[in-house]
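Working notes, beginning with the structure itself.
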Amino acid sequence: MNVYFGIIILFILVTSIIFLIIIGYIIYGVVKKYFNKKTANYSIIFYVLAIVYISINLFYE
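Numbering (our numbering), first residue to last: 1 to 61.
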């Protein structure tokens, strides 16, 4: 029972990480299209920091 539970959690984590990476690429593409590449790099950094902040807050609730 525990093995299946671990596999399910791992699957959810992997799919959510892939989903977040896809969203990050979309944000990067949109910002790069309307602004320059430097702004797009900063937007990705802020996106990653926001994800880390939200995940830390979720785990420490």
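Just so you know, even glycine gets a beta-carbon here, dropped at the ideal spot from N, CA and C.
So, does the stretch 23-41 touch the stretch 6-13, judging by three or more C-beta pairs under 8 Å? Output reads no: the stretch 6-13 does not touch the stretch 23-41.
In the structure shown, what three-state DSSP assignment does Y28 receive? Helix.
Straight-line gap, K32 to A40 (C-alpha atoms, nearest Å): Take the alpha-carbon of K32 and the one of A40: they are about 5 Å apart.
Under the three-state DSSP convention, the category Y60 falls into: Y60 falls in the coil class under three-state DSSP.
Own chain, CB closer than 7 Å to I17, minus 5 neighbours either side, in chain order: So no residue of the chain qualifies.
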